[in-house]
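Please read the structure below before turning to the comments.
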Amino acid sequence: MSQGYFVDWDGNIRSTDAPGRGYRCEVDPVARYVAVLGKYGTVAHESSFYRTLEEVAKAGITACLVDEAGNPITP
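To convert, note that position 2 of the sequence shown is 7 in my numbering; the numbers rise steadily by one, no gaps.
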């Protein structure tokens with residue numbers, strides 16, 4: 006899996022390595038796509054893939070970075 010970031014279902018930034026809530030991510034770095042999958046592989050959320058937090062900022066996204074539990078993280 007490619008490590009990076011995506012905008013979640015609440016408008017926050019999450020890591021693709023630890024999306025939380027029992028979800029996992031499938032990433033297509035070429036297409037810049039993230040599929041957040043549930044326990045049985047059902048797509049629960051889709052988002053753009055960002056390799057770094059700098060890419061997120063460059064895209065004009067000012068959302069909060071959160072951990073697996075949804076708690077804010079200071080980068």
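Beta carbons: idealized from backbone N, C-alpha and C, even for Gly.
Between the options, which has its C-alpha nearest residue i's C-alpha?
{"i": "residue 8", "options": "21, 15, 51", "result": "21"}
{"i": "residue 49", "options": "72, 29, 76", "result": "29"}
{"i": "residue 2", "options": "62, 68, 27", "result": "Since the displayed the chain opens at 6 and closes at 80, residue 2 lies outside it and no answer follows."}
Measuring CB to CB, does residue i end up less than 8 Å from residue j?
{"i": "residue 73", "j": "residue 36", "result": "no"}
{"i": "residue 51", "j": "residue 39", "result": "yes"}
{"i": "residue 68", "j": "residue 55", "result": "no"}
{"i": "residue 12", "j": "residue 66", "result": "yes"}
{"i": "residue 61", "j": "residue 19", "result": "no"}
Kindly list the residues whose CB is nearer than 8 Å to the CB of residue i, restricted to its own chain and excluding five residues on each side of it in sequence; keep chain order.
{"i": "residue 75", "result": "15, 17, 25"}
{"i": "residue 57", "result": "9, 10"}
I'd like the list of long-range same chain contacts for residue i, defined as Cβ closer than 7 Å, with 5 residues on each side in sequence excluded.
{"i": "residue 59", "result": "none"}
Short of 6 Å in beta carbon distance, which residues of its chain neighbour residue i, apart from the five on each side in sequence? Order them along the chain.
{"i": "residue 53", "result": "37"}
Quick one: Cα of residue i to Cα of residue j, how far?
{"i": "residue 43", "j": "residue 34", "result": "20 Å"}
Residue ranges of each beta strand (DSSP E) within the region 40 to 71, 3 or longer: 48 to 53
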